[in-house]
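First comes the structure, then the notes that go with it.
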Amino acid sequence: MRNVWILALAQVFSACGTIMLVTFGGIVGTHITPVPALATLPLSMSILGLALSSIPAAAMMRRIGRKRGFIGSALVATCAALLAATSIANESFVGLCVSGFLLGSNMAFVHQYRFAATEYVAEIDAGKAVSTVMLGTLVAAWLGPELGDQLRLLGGWAEFSGSFVGLSVLCLLAAIVLLALGPPSQRATVEQAPPRPLRVIAAQPRFIVALLAGLSSYVVMSFIMTATPISMHVVDGMSVAETKRVISTHLLAMYLPSLASGWLIRVLGIRLMMYLGVALMGVCVLISSVVGHHFVHYLTGLALLGVGWNFLFVAGTTLLTTAYRPAERFSAQGLNDFTVFGSQAIASLAAGPAITLLGWEQLNLLAIPVLLGMLLAVWRLGHHTTHPDKNVATGVATTSGATSNNP
Numbered sequence: 407m408r409n410v411w412i413l414a415l416a417q418v419f420s421a422c423g424t425i426m427l428v429t430f431g432g433i434v435g436t437h438i439t440p441v442p443a444l445a446t447l448p449l450s451m452s453i454l455g456l457a458l459s460s461i462p463a464a465a466m467m468r469r470i471g472r473k474r475g476f477i478g479s480a481l482v483a484t485c486a487a488l489l490a491a492t493s494i495a496n497e498s499f500v501g502l503c504v505s506g507f508l509l510g511s512n513m514a515f516v517h518q519y520r521f522a523a524t525e526y527v528a529e530i531d532a533g534k535a536v537s538t539v540m541l542g543t544l545v546a547a548w549l550g551p552e553l554g555d556q557l558r559l560l561g562g563w564a565e566f567s568g569s570f571v572g573l574s575v576l577c578l579l580a581a582i583v584l585l586a587l588g589p590p591s592q593r594a595t596v597e598q599a600p601p602r603p604l605r606v607i608a609a610q611p612r613f614i615v616a617l618l619a620g621l622s623s624y625v626v627m628s629f630i631m632t633a634t635p636i637s638m639h640v641v642d643g644m645s646v647a648e649t650k651r652v653i654s655t656h657l658l659a660m661y662l663p664s665l666a667s668g669w670l671i672r673v674l675g676i677r678l679m680m681y682l683g684v685a686l687m688g689v690c691v692l693i694s695s696v697v698g699h700h701f702v703h704y705l706t707g708l709a710l711l712g713v714g715w716n717f718l719f720v721a722g723t724t725l726l727t728t729a730y731r732p733a734e735r736f737s738a739q740g741l742n743d744f745t746v747f748g749s750q751a752i753a754s755l756a757a758g759p760a761i762t763l764l765g766w767e768q769l770n771l772l773a774i775p776v777l778l779g780m781l782l783a784v785w786r787l788g789h790h791t792t793h794p795d796k797n798v799a800t801g802v803a804t805t806s807g808a809t810s811n812n813p
């Protein structure tokens with residue numbers, strides 16, 4: 407587990423980029439953009455960078471290895487954070503958008519940490535490895551905003567310029583930590599069969615369900631979470647402090663279950679974890695669309711949404727690692743992440759118009775078809791194979807690996 411914890415620590419530092427953009431990007435954009443309506447464009451550019459870089463990131467690491475790819479990306483993120491600091495100081499909105507895109511591109515590599523972690527453990531412990539790495543984001547959710555707030559007036563520079571100087575140090579620390587990353591296990595590097603065409607891999611029921619789990623978890627979560635501050639503060643007139651508390655609770659609920667989700671997968675199995683994830687997200691939709699939208703409803707609903715996201719996403723990632731051979735690893739993971747995070751970008755961009763045109767209750771109801779579709783997919787997986795969870799645990803499908811022997 408040593409290498410898994412190295413990846414988790416790198417996740418702490420690297421994930422601060424997106425979290426800092428989410429926290430401060432809109433505020434900074436409002437100050438320097440020539441068009442107020444484009445204030446959140448730097449954040450949107452980061453999501454676009456993540457989606458567009460998912461497949462190239464996987465292809466690059468197939469050629470040069472995980473370790474070199476991760477370190478190189480962290481160094482690029484270091485430069486991107488410095489570009490953001492300089493852009494803020496010089497009131498360059500274009501520069502801030504470029505830095506946002508580059509920071510998002512780095513996250514395409516960071517999201518591969520969870521797959522890399524499965525290469526250092528036995529197949530049955532894949533879920534535990536994934537959830538351990540995701541714990542790093544829980545720490546980043548506190549570290550990013552706190553560091554950004556403490557350094558926002560650093561050195562008498564423009565407000566928040568110092569925040570991104572601090573981010574550059576964190577990204578550099580991630581690169582340094584990753585220098586200690588060891589080679590993956592022999593299981594992850596030894597080729598047992600030639601690669602199949604990507605269309606063949608993607609046609610497998612396991613791959614389809616795993617991809618749908620990631621897609622539905624991120625689409626529903628991003629759609630509702632992005633609309634929450636607008637609904638609470640602008641529509642319902644709640645305070646900024648109340649809104650911040652709900653979002654903070656939601657982020658905590660997203661990553662804190664990682665302490666137990668890996669163990670739960672071993673005990674309950676992947677399909678039951680997926681059912682639980684969908685059920686919790688469904689209860690969130692029920693509370694938000696039927697029960698009401700007072701503070702307690704927002705708080706409870708967003709907490710359930712976070713836990714449901716964790717269960718469904720971790721289970722989907724674990725299932726995905728059983729759907730490809732070692733030589734197919736990077737192409738399969740690249741396709742998965744491109745689809746998942748591209749869909750997340752669309753959901754995030756659609757949340758603003760949806761809350762404005764439809765209102766909070768109707769917006770939540772739009773999540774129902776997605777969740778029902780996910781339930782159907784999991785049910786069909788159970789009928790496609792007699793013991794799907796047992797097969798996952800024992801590695802009937804060859805698990806993840808790398809075509810390069812570079813760690």
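Letter by letter, the sequence shown follows residues 407 to 813 in my numbering.
Just so you know, even glycine gets a beta-carbon here, dropped at the ideal spot from N, CA and C.
These numbers were taken from a predicted model, which means no experiment stands behind them.
Taking just the CA atoms, how far does Gly683 sit from Gly707?
Going by the C-alpha atoms only, they are around 13 Å apart.
Gly740 and Ala464 - do their beta-carbons sit closer together than 8 Å?
Taking 8 Å as the cut-off, the beta carbon of Ala464 is found closer than this to the beta carbon of Gly740.
Please report the distance separating the alpha-carbon of His699 from that of Ala685.
Their Cα atoms are separated by approximately 20 Å.
Would you mind sorting Pro663 into buried or exposed? The rule is 16 or more other CB atoms within 10 Å of its CB.
Buried.
For the alpha helix (DSSP H) containing Leu587, list its first residue and its last residue.
In the DSSP annotation of this structure, Leu587 is not part of any alpha helix (DSSP H), being labelled neither H nor E.
Run the CB neighbour count on Ala486, radius 10 Å, all protein chains shown included, and call it buried at 16 or more, exposed below.
Buried: at least 16 other Cβ atoms inside 10 Å.
Mind checking Ser645: buried by the 16 CB within 10 Å criterion, or exposed?
Counting the other CB atoms within 10 Å of its CB gives Ser645 a total below 16, which places it among the exposed residues.
Could you work out which residue in Ser637, Leu447, Val539 and Ser737 is closest to Arg408 when comparing CA atoms only?
Measuring C-alpha to C-alpha distances from Arg408 to each of Ser637, Leu447, Val539 and Ser737 identifies Val539 as the nearest.
Measuring straight from C-alpha to C-alpha, what distance separates Gly712 and Leu657?
So the alpha carbons of these two residues sit roughly 7 Å apart.
For Ala514, I'd like the list of residues in its chain whose CB is within less than 6 Å of its CB, leaving aside the five on either flank, ordered along the chain.
Excluding residues within five positions, the ones whose Cβ falls inside 6 Å are Leu456, Ser459, Ser460 and Ala463.
Can you look up Asn496 in the DSSP assignment and give me helix, strand or coil?
Here Asn496 carries a coil assignment [DSSP, helix/strand/coil].
Within 10 Å of its beta-carbon, does Ile412 have 16 or more other beta-carbons around it, so buried, or fewer, so exposed?
Buried, since its Cβ has 16 or more Cβ neighbours within 10 Å.
N-terminal and C-terminal residue of the alpha helix (DSSP H) that His656 is part of
Element bounds for His656: Val646 to Tyr661.
Quick one, which of Leu781, Gly748, Trp785 and Phe419 has its alpha-carbon nearest Ser574's?
If we check each option's Cα against that of Ser574, Phe419 comes out closest.
Given His639, which residues of its chain have a CB within under 7 Å of its CB, disregarding the five upstream and five downstream residues?
Val646 and Thr649.
So does the region 527-536 actually touch the region 438-454, counting three or more Cβ pairs closer than 8 Å?
Too few Cβ pairs lie closer than 8 Å, so no.
Below 8 Å on the Cβ atoms is my guess for Leu449 versus Leu427; work out the distance and round it to an integer in Å.
Confirmed, Cβ separation roughly 5 Å.
Under a three-way DSSP split, which group does Leu772 fall into?
In the three-state scheme derived from DSSP, where H, G and I count as helix and E and B as strand, Leu772 is classed as coil.
Touch test, the region 473-492 against the region 770-783, Cβ-Cβ under 8 Å, three pairs minimum
Taking a cut-off of 8 Å for Cβ pairs, the region 473-492 and the region 770-783 do not touch, as fewer than three such pairs fall below it.
Leu544 vs Tyr704 beta-carbon contact at 8 Å:
Cβ atoms of Leu544 and Tyr704: not closer than 8 Å.
Close-in-space but distant-in-sequence residues of the same chain around Thr745 (CB under 7 Å, 5 per side omitted)
Here the set comprises Leu617 and Leu621.
Neighbourhood of Gly882 by C-beta distance below 6 Å, restricted to the same chain and skipping five residues each side:
Outside the shown range of the chain (407 to 813) lies residue 882, about which nothing can therefore be said.
From this set, Gly688, Thr724, Pro603 and Pro601, which residue's C-alpha is nearest Arg677's C-alpha?
Out of Gly688, Thr724, Pro603 and Pro601, Thr724 has the C-alpha closest to the C-alpha of Arg677.
I need the DSSP call for Thr800, collapsed to helix, strand or coil.
Unreliable positioning characterises Thr800 in this predicted model, as indicated by a pLDDT of 38, which lies under 50. A coordinate reading is not provided.
Is the Cβ-Cβ distance between Glu552 and Arg558 less than 8 Å?
Their beta carbons are not under 8 Å apart, which means Glu552 does not touch Arg558 by this criterion.
Answer yes or no: do Ile497 and Arg602 have a C-beta to C-beta separation smaller than 8 Å?
Per the sequence presented here, residue 497 reads as Glu, with Ile not at that position. Annotated as distal: Glu497 and Arg602, with beta-carbon spacing of 8 Å or more.
Take Val410 as the anchor and find which of Ala547, Arg612, Leu787 and Lys534 has the nearest alpha-carbon.
Nearest in C-alpha terms to Val410, of all of Ala547, Arg612, Leu787 and Lys534, is Lys534.
Who are the near neighbours of Leu710 in its chain, counting only those whose CB is closer than 8 Å to its CB and skipping five residues on each side?
So the list reads Ala659, Leu686, Met687, Val689, Cys690 and Ile693, once near-sequence residues are dropped.
Whether Tyr730 touches Ile614 by CB criterion (8 Å)
Not closer than 8 Å, so no.
Tell me the residue span of the alpha helix (DSSP H) that contains Gly748.
Segment Arg735 to Leu763, the alpha helix (DSSP H) holding Gly748.
Would you grab the beta carbon distance between Ala633 and Leu509 for me? Rounded to a whole angstrom, and I think it's under 8 Å.
Not really, about 23 Å apart at Cβ, beyond 8 Å.
Which residue's Cα is closest to the Cα of Leu665: Ala546, Asn716, Ala581 and Leu444?
Leu665 has its Cα closest to that of Asn716, out of Ala546, Asn716, Ala581 and Leu444.
Around the C-beta of Asp743, are 16 or more other C-beta atoms found within 10 angstroms, so that it is buried, or is it exposed?
Counting Cβ neighbours within 10 Å, Asp743 comes out buried, since at least 16 surround it.
Which residue's Cα is closest to the Cα of Met679: Ala480, Val571, Asp642 and Phe719?
Minimum Cα distance to Met679 is reached at Phe719.
Please confirm whether Leu584 and Ala757 have their CB atoms less than 8 Å apart.
Not a contact, by the Cβ cut-off of 8 Å.
Length of the line joining the Cα atoms of Asp555 and Leu782:
For Asp555 and Leu782, the distance between alpha carbons rounds to 45 Å.
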